[in-house]
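Below: the structure, in structure tokens.
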Amino acid sequence: MIVAERKPVEEIKALIAGHGTVCVLGCGTCVTVCLAGGEREVAVLAGALRCGNNGHFSENTIERQCDAEFFENVKDQIDASDAVLSMACGVGVQMAARLFPNKPVYPALNTKFMGVSDKAGEWSENCLACGDCKLGIFGGVCPVTRCSKSLANGPCGGSTKGRCEVNPEKLECGWQLIYDRLKSLNKLDTLAEIAPPRDWSKTHAGGPRKLSREDVAGL
Ligand code: SF4
Ligand code: SF4
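This note's numbering puts the first residue of the sequence shown at 3, with every later residue one more than the last.
Here it is as structure tokens:
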């Protein structure tokens, strides 16, 4: 999922200052799951914004803000508002801005990364969407994301007791994880093969990416 967290209320108040009627709009998918921008968080934020503020804050949560079709149900509400305060990830915020070109749209969240929930209240980054997934070679552990230096051919030599030298307190060494995983699969011989240089043009380094699929274009 896309993991996000809410901006401080004071920062949000500064963003929407001057708008009389604001639609606080949640998203029912990733940010609901990571407890940042779903129906509950919309109610909490709208309540906080009403404190000491004369503005009017309407609330709604749609299934997905990254899909235009789900905005149909809130079109009238947004048209009647001076601005939208989106509690979606950055993708949803940009979709709202695209669909309502004359309406100010503000982000209430900071979009952090694509990742997983480790335990209650903790998430970690797992995929950088490199466009050429190699998890099949590395035992299901991503060297691009889980190694702080995105090394493709083994560890840098700086790890200690399985921790990454970039931040031993917080980070496991991704290459230790790859080694342990391949060892448990009895596939350590995989590491004898030198991985060729990655084509970074398939990542965001090659500019904003697009995907076209003729097989589903007419559906
Ligand atoms: S190899 Fe690329 S696509 Fe696969 S998990 Fe890692 S970053 Fe994501
Ligand atoms: S210590 Fe491990 S995770 Fe950290 S940069 Fe080196 S190889 Fe990558």
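Positions of the beta carbon are idealized from the N, C-alpha and C atoms, including for glycine.
Closest by C-alpha distance to C48, when choosing among C25, E74 and K121: Here the question's residue 48 lines up with position 46 in the sequence shown. The amino acid at residue 48 is misidentified as Cys; the sequence shows Ala. Of the candidates C25, E74 and K121, the residue whose Cα lies closest to the Cα of A48 is C25.
Looking at the unbroken alpha helix (DSSP H) that takes in T34, where does it start and where does it end? Within the sequence shown, residue 34 is the residue found at index 32, counting from 1. Per DSSP, T34 belongs to the alpha helix (DSSP H) from C32 to V35.
Does at least one heavy atom of ligand 1 sit under 8 Å from the Cβ of T192? Stepping through the sequence shown from its first residue, residue 192 is reached at position 190. Every heavy atom of ligand 1 is 8 Å or more from the Cβ of T192, so no.
Can you list, in chain order, the residues of its chain whose CB lies under 6 Å from that of P106, leaving out five sequence neighbours each side? Indexing the sequence shown from 1 puts residue 106 at position 104. For P106, where only same-chain residues beyond five positions count, the Cβ hits under 6 Å are A85.
Across the region 32 to 46 and the region 108 to 122, are there enough close Cβ pairs to call them in contact, namely three or more that are closer than 8 Å? yes
On a Cα-Cα basis, can you pick out the residue from K121, A6, K189 and M89 that is closest to G142? To locate residue 142, count along the sequence shown from 1; it is residue 140. Cα-wise, what sits closest to G142 is K189.
Does the contact criterion of 3 or more C-beta pairs under 8 Å hold for the region 75 to 82 versus the region 58 to 67? yes
What are the boundary residues of the alpha helix (DSSP H) that S186 is part of? Mapped onto the sequence shown, residue 186 falls at position 184. G176 to S186 is the span of the alpha helix (DSSP H), which, as asked, contains S186.
Candidates H206, L51 and V11: which alpha carbon is nearest L130's? Locating residue 130 in the sequence shown gives position 128, counting from the first residue. Nearest of H206, L51 and V11 to L130, Cα basis: H206.
DSSP three-state call for G28: helix, strand or coil? Along the sequence shown, one-based indexing puts residue 28 at 26. Strand.
Does the distance from the CB of E124 to the CB of M116 come in under 9 Å? In the sequence shown, counting from the first residue as 1, residue 124 sits at position 122. In the sequence shown, counting from the first residue as 1, residue 116 sits at position 114. It is not a contact, given that the beta carbons lie outside the stated cut-off.
Q67 and A45 look like a contact to me (Cβ under 8 Å); what is the Cβ gap, rounded to whole Å? Locating residue 67 in the sequence shown gives position 65, counting from the first residue. Locating residue 45 in the sequence shown gives position 43, counting from the first residue. Here Q67 is actually not in contact with A45; their C-beta atoms are around 17 Å apart, not less than 8 Å.
Beta-bridge pairing of S119 - partner residues as DSSP gives them: What you label residue 119 is simply residue 117 of the sequence shown in a count that begins at 1. W125, per the DSSP bridge assignment.
Beta-carbon gap between M89 and L17 smaller than 9 Å: For the purposes of this step, residue 89 is taken as residue 87 along the sequence shown, with counting starting at 1. For the purposes of this step, residue 17 is taken as residue 15 along the sequence shown, with counting starting at 1. No, Cβ-Cβ distance for M89 and L17 is not below 9 Å.
Is there at least one non-hydrogen atom of ligand 2 closer than 8 Å to the beta-carbon of R200? Against the sequence shown, residue 200 aligns to sequence position 198. Flag unset: Cβ of R200 not near ligand 2.
For G92, which residues from the same chain have a beta carbon less than 7 Å from its beta carbon, with the 5 sequence-adjacent residues on both sides left out? As a first step, residue 92 is located in the sequence shown; it is residue number 90 there, counting from the start. These residues qualify, in order along the chain: P109 and T113.
I180 and R215 closer than 9 Å at C-beta: Position 178 of the sequence shown, counted from the start, is the residue given in the question as residue 180. Position 213 of the sequence shown, counted from the start, is the residue given in the question as residue 215. No, the pair does not count as a contact, with Cβ atoms beyond the cut-off.
Any heavy atom of ligand 2 within a distance shorter than 8 Å of the CB on G160? As a working note, residue 160 is residue 158 in the sequence shown. In this structure, G160 has its CB closer than 8 Å to one or more heavy atoms of ligand 2.
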